[in-house]
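Everything on this sheet refers to the single structure shown next.
Residue numbers (our numbering), protein chains in the order written: chain A, 35 to 219; chain B, 2 to 445.
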């Protein structure tokens, strides 16, 4: 996923310049899925993810409107703000031991899909998600951003505010750990 | 490991609920609309767009320098255009005058067709004449006027020389097509007409300028210019005659002969004018001479002046008598071509008249080419004579202007005496007078 097609840049400009809601709507369409997914993997509850995603987009709008800095990477910005929002969310409530509520998740996510096709997927997703939850936060983040969201190392380093080297190391260790956990299960 | 990655990738399929997405979107936009007020757009926000599109480094190292260079270039071009336009009315001696000359040269180099180049040159020559007119009218300081006229005349000469070269090229180039030759001839005729115009104007101005004391170089320049212009007139006719003879162009014979006749008549008129001028010069010199002899006889005045000289000059002893003798001797020993009335060696006008007759005969016989050659010779002779007459007139004027201040005394110092060209030094009371070497040794 590359940062910023020319179109996106134009939209950002429009937002800042003329405060055009429609332009922001387009940006929303582009990014909502990713942000939602990202948040979902962190909070494991669909409703919470939805709420947090809304507040993320609102915050980003305000940020674009008011910042004097030029926005190099909207992608990174969105993820960063989403991440911060999740952190805030956890600060404000006691962190619960959440194991993934399989049934709820599956129902909501794949309700439109063909069941046959999904069965294998279900199992595998279930596996992976279980394991993921066991992974340390740091590792999980990086792994998800890299393989689920398919961001580049550079982008990830921007989002997490870590160096590229750091990101690579985390990624490597995360995958190792994941493999171990998979084998254990 | 790959399996893990694979599984992870599959997790991409997870999406938010469609209805949630839509409802959230509407909610979001309504919230936004509630907040926003339209900001007035300004230039700076467009700059923000540019900044957004291009990465910083590009802007810094490429776009900015390029932009600055373009603006600087535009600035130079615009000032260039502006100053060229402003220079169009400038006169020699103005600051912008060189720009005018340069722009003319550029104009010429940009025209590709030869006849057009010649036309342009003639136009610029006319421009020089106009400048001379303006300078004469506007500039009151004589020295400055002289300088400015000089500049203009020099440029005129250069242009004329170029035109002469062009005409020579036209003559030498054989043109095969009749229409082309016809066109060439037409343009040559035009050139001729304009040249005549320039020539007459120059003559008028020359007479005007001669009324004041001028230095010899300036006069020489103008004389040269006038001569060159006349030569070109003859050359133009030569080209026509040549082309006619070669059969390259169809012209009625009488037309060609008429133009040759015209030139001969012009030469005649010039000669007559020169003769008149030489007569005037002779008369003026005679008068001056008589005044000198009067002065030489008044010894008492002279002795006073000589004593004054002695105070300045401590080297030699002179007695009034010595002085008077030397002066008389000097006057008697005058070499005809140096001191004394202007005597055009009688050979010259007669020679010129003879040449004129020959030229007319040749033209009548139909040998136009030879007639033209004769015309050239006539022009040469006439201009030589004219030059001499003019030079003598200048000498005379100089002497006349110093008559009241000084008495002509043979100088004691050798260095003040020169045997060529009258050089009067107005600063001291001992102007040098042309003397033959014999007189010098006498006084020493």
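Positions of the beta carbon are idealized from the N, C-alpha and C atoms, including for glycine.
Asked: Among B:130, B:271, B:106 and B:7, nearest to residue 121 of chain B - alpha-carbon criterion; Found: B:106
Asked: Beta-carbon proximity of residue 125 of chain B to residue 169 of chain B, cut-off 8 Å; Found: no
Asked: Helix, strand or coil at residue 283 of chain B [DSSP, three-state]; Found: helix
Asked: Residues of its chain near residue 91 of chain B, where Cβ-Cβ distance is below 8 Å and the 5 sequence neighbours each way are ignored; Found: 97, 98, 100 and 101
Asked: Neighbour-count burial assignment, residue 177 of chain B, 16 or more Cβ in a 10 Å radius; Found: exposed
Asked: Below-8 Å beta-carbon distance, residue 212 of chain A vs any chain B residue; Found: yes
Asked: Contacting positions in the stretch 78-96 of chain A - beta carbon closer than 7 Å to chain B; Found: 84, 88, 91, 92 and 95
Asked: Proximal chain B residues relative to residue 71 of chain A, where beta-carbon distance stays under 7 Å; Found: 15
Asked: Residue 405 of chain B (DSSP reduced to helix, strand or coil); Found: Legend: pLDDT at residue 405 of chain B = 47, less than 50; position of this residue unreliable, no value from coordinates given.
Asked: Proximal residues of chain B, C-beta to C-beta of residue 65 of chain A below 7 Å; Found: Result: empty, since nearest Cβ-Cβ is about 11 Å, beyond 7 Å.
Asked: Cβ-Cβ distance between residue 236 of chain B and residue 353 of chain B below 8 Å; Found: no
Asked: Proximal chain A residues relative to residue 107 of chain B, where beta-carbon distance stays under 8 Å; Found: In chain order: nothing, as chain A lies at least about 45 Å away.
Asked: Proximity winner among B:113, B:374, B:210 and B:14, relative to residue 143 of chain B (alpha-carbon distances); Found: B:210
Asked: Cβ pair count under 8 Å reaching 3, the stretch 127-137 of chain B against the stretch 178-194 of chain B; Found: no
Asked: Exposure label - residue 36 of chain B; buried when at least 16 CB within 10 Å; Found: exposed
Asked: Touching by the beta-carbon criterion (3+ pairs, under 8 Å), the stretch 58-74 of chain B and the stretch 90-104 of chain A; Found: no
Asked: Cβ-based contacts, 9 Å cut-off: residues of the stretch 62-92 of chain B near chain A; Found: none
Asked: Partner residues on chain A for residue 9 of chain B, Cβ-Cβ distance less than 7 Å; Found: 162, 177, 181 and 182
Asked: Close Cβ partners of residue 338 of chain B (< 7 Å) along its chain, the five nearest in sequence each way excluded; Found: Caution applies to residue 338 of chain B, whose pLDDT of 37 falls short of 50 and renders its modelled position unreliable; the model cannot decide the point.
Asked: The stretch 19-31 of chain B in contact with the stretch 181-198 of chain A per 3-pair CB rule at 8 Å; Found: no
Asked: Closer than 7 Å: residue 209 of chain A CB and nearest the ligand NAD heavy atom; Found: Absence of the ligand NAD from the depicted structure is noted, as is the absence of any ligand whatsoever, leaving it without description.
Asked: Nearest residue (CA-CA) to residue 398 of chain B, options B:283, B:363, B:357 and B:373; Found: B:283
Asked: Among A:80, A:113 and A:118, the one whose alpha carbon lies nearest that of residue 180 of chain A; Found: A:113
Asked: C-beta contact flag for residue 244 of chain B and residue 200 of chain B at 8 Å; Found: no
Asked: Host alpha helix (DSSP H) of residue 178 of chain B (start-end); Found: Run containing residue 178 of chain B: none; DSSP gives neither H nor E here.
Asked: Interface flag, residue 112 of chain A vs chain B, CB-CB below 8 Å; Found: no
Asked: Under the three-state DSSP convention, the category residue 90 of chain B falls into; Found: coil
Asked: Span separating the alpha-carbon of residue 187 of chain A from that of residue 204 of chain A; Found: 11 Å
Asked: Whole-number beta carbon distance between residue 171 of chain B and residue 204 of chain B, since they are thought to touch under 8 Å; Found: Going by Cβ atoms, the distance from residue 204 of chain B to residue 171 of chain B rounds to 26 Å, so no, they are not a contact pair.
Asked: When A:122, A:166, A:67 and A:62 are compared against residue 18 of chain B, the one with the closest alpha-carbon; Found: A:67
Asked: Test item: CB-CB of residue 189 of chain A and residue 118 of chain A under 8 Å; Found: no
Asked: Rounded C-alpha distance that separates residue 208 of chain A from residue 3 of chain B; Found: 14 Å
Asked: Residue 380 of chain B classed as buried or exposed, judged by whether at least 16 other C-beta atoms fall within 10 angstroms; Found: buried
Asked: Three-way DSSP call (helix, strand, coil) for residue 116 of chain B in this model; Found: helix
Asked: Interface partners of residue 58 of chain A on chain B, CB under 9 Å; Found: 29, 30 and 33
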